[in-house]
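J.: Pasting in a structure now, in structure tokens, and then I'll have a few things to ask.
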């Protein structure tokens, strides 16, 4: 069973346990009486949240995850009496969402620029052509509602910082030469995803407390690994993965 399959199974297992505990509390009188059928849209919300953590980050998966969460939220609010919503309006709204996705996909499609400077500051609406080559010794990458693929070729690599907001980033450090034995990389990731590839003679450690997020270490360092990458992370509904 793959790691992602285990992750999905664990998530849905927790959901089943939570639903069972909820219904048990209701049947024992610990909760006020209500019509459980009114809460079916909560399943859509759970499905959308599960997509955020079990699908590979992309504009498409991110967009439709939030659409599913939004649709579930609207129907749940209607069922609970917060506002009225005519079923006749459902399909026009869906057409609007599909149209917005087409626009969003074309604007945010990750096209990348050669010769990225130390400060790679890319935002919604910018377009790029190819993988970015970074020769500077310290990273300073900031992405907002976009995506980026970066290859560092530094021969005196000193770490740096990465700031992602509703964005995805792939960083290849397999060609760098560290300036010292321990390299620090500060990562801020909000509703996004980061994948880092490091050399086999590196080990990696993570310092941080993700909020509805995860850090995953898939590296298999050599026995004589003599460099260490320390990732100091601030993550909210986001994921960071490290490979070699």
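Numbering (the working numbering), first residue to last: 34 to 277. Think of the CB as a built atom: it goes at the ideal place given N, C-alpha and C, for glycine as much as any other residue.
Where does residue 149 land, buried or exposed, given buried means 16+ other C-beta within 10 angstroms?
T.: Reliability of the predicted coordinates at residue 149 is poor, the pLDDT of 45 falling under 50, and the value obtained from them is presented with this limitation in mind. Buried is the call here.
J.: Residue 273 lies in the beta strand (DSSP E); which residues open and close that run?
T.: Element bounds for residue 273: 272-276.
J.: Which residues mark the beginning and the end of the beta strand (DSSP E) in which residue 239 is found?
T.: 235-241
J.: Rounded to the nearest angstrom, what separates residue 254 and residue 230 at their Cα positions?
T.: Residue 230 has its alpha-carbon roughly 12 Å from the corresponding atom of residue 254.
J.: Please name the residue, chosen from 265, 270 and 97, that lies closest to residue 194 on a Cα-to-Cα basis.
T.: 265
J.: So what's residue 185 in DSSP terms, helix, strand or just coil?
T.: strand
J.: Is any heavy atom of the ligand FAD found at a distance shorter than 7 Å from the C-beta of residue 53?
T.: Within the structure as shown, the ligand FAD is missing, as the structure has no ligands at all.
J.: Taking the alpha-carbon positions, what's the residue 233 to residue 226 distance?
T.: Those two C-alpha atoms are separated by around 22 Å.
J.: Check whether the Cβ atoms of residue 98 and residue 111 lie closer than 8 Å to each other.
T.: no
J.: Pull up the distance between the alpha-carbon of residue 157 and that of residue 177, whole angstroms please.
T.: Only weak support exists for where residue 157 lies, its pLDDT of 43 falling under 50; the value from the coordinates is given anyway. Rounded to the nearest angstrom, the two C-alpha atoms are 6 Å apart.
J.: How would you call residue 77, buried or exposed, if buried means at least 16 neighbouring beta carbons within 10 angstroms?
T.: Its Cβ being crowded by 16 or more others within 10 Å, residue 77 is buried.
J.: What's the gap between the Cα of residue 179 and the Cα of residue 204?
T.: 14 Å
J.: Assuming contact is defined by CB atoms lying nearer than 8 Å, are residue 105 and residue 125 in contact in what I supplied?
T.: no
J.: Determine the closest residue to residue 130 out of 109, 103 and 115, with distance taken between C-alpha atoms.
T.: Residue 103 is the option with its Cα nearest to residue 130.
J.: Nearest CA to the CA of residue 210: which residue from 191, 199, 224 and 82?
T.: Nearest C-alpha to residue 210: 191.
J.: Please identify the residue among 95, 60 and 57 whose C-alpha is closest to the C-alpha of residue 199.
T.: 95
J.: Taking all protein chains shown into account, do 16 or more other C-beta atoms lie within 10 angstroms of the C-beta of residue 201, making it buried, or fewer, making it exposed?
T.: buried
J.: Compute the Euclidean distance between the alpha carbons of residue 274 and residue 251, then round it to the nearest angstrom.
T.: Taking C-alpha positions only, residue 274 is separated from residue 251 by approximately 7 Å.
J.: Since residue 205 sits in a beta bridge, which residues does DSSP pair it with?
T.: 184 and 230
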